[in-house]
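Trainee:
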Amino acid sequence: MAHQTVSIGWDEELVPTPTGRTQAPSPDCPVEVALAAIAGRWTTLVLRNLMSGDAYSYTELAATLPSLSDKVLSDRLNALVSGGLVERTITNGFPPRTEYRITDRGRELRPLLIELYRTGLALQAHDARTDR
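Residue numbers for the sequence shown follow the working numbering, beginning at 314 and rising by one.
#1: Round the Cβ separation of T332 and P343 to the nearest angstrom and send it over; I've been treating them as touching at under 8 Å.
#2: Taking C-alpha atoms, which residue in R334, L360, A368, N405 lies nearest to R414?
#3: Over the uninterrupted beta strand (DSSP E) stretch that includes V359, give me the two end residues.
#4: Considering R420, what are the terminal residues of the alpha helix (DSSP H) in which it resides?
#5: What's the gap between the Cα of T443 and the Cα of G433?
#6: Take every Cβ of the segment 357 to 366, pair it with every Cβ of the segment 379 to 399, and state whether three or more of those distances are shorter than 8 Å.
#7: What's the C-alpha gap between T372 and R410?
#8: Does S291 come out as helix, strand or coil in the three-state DSSP assignment?
#9: What are the boundary residues of the alpha helix (DSSP H) that V399 is part of?
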């Protein structure tokens with residue numbers, strides 16, 4: 314028996330462009346790009362805290378997430394800076410001051426974070442209804 318290829322009728326709202334019509338995860342898929350941007354434990358919380366647009370020193374940012382280790386915060390900030398989602402500015406002085414601020418590219422994640430929160434609430438509500 315020959316192998317038969319199955320054709321999918323793409324949901325145009327879910328997959329409006331050909332880049333998302335992949336048969337396996339692809340780094341070019343817009344969904345994979347968005348997920349990679351927020352990947353890593355604590356990343357969404359760091360982004361959330363920077364979304365105001367205010368600049369935060371490392372110490373100020375660490376104080377907003379007291380359970381987050383310095384290593385993980387440093388790793389997350391470095392990844393966000395290298396991804397162009399956060400900018401790091403070092404000012405002269407003693408000691409030098411390092412500040413972090415969300416970029417316009419990083420602000421593009423705001424609707425995603427809002428929708429993830431709303432979806433999480435809806436899933437929790439559904440779970441609460443089905444547990445009765």
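Cβ coordinates follow ideal geometry from the N, Cα and C atoms, glycine included.
Mentor: For this structure:
#1: 6 Å
#2: A368
#3: Where V359 is concerned, there is no enclosing beta strand (DSSP E), although the alpha helix (DSSP H) it sits in stretches over 356 to 363.
#4: 417 to 420
#5: 15 Å
#6: yes
#7: 10 Å
#8: Since the first and last residues shown for the chain are 314 and 445, residue 291 lies out of range.
#9: Careful: V399 lies outside any alpha helix (DSSP H), inside the beta strand (DSSP E) at 399 to 404.
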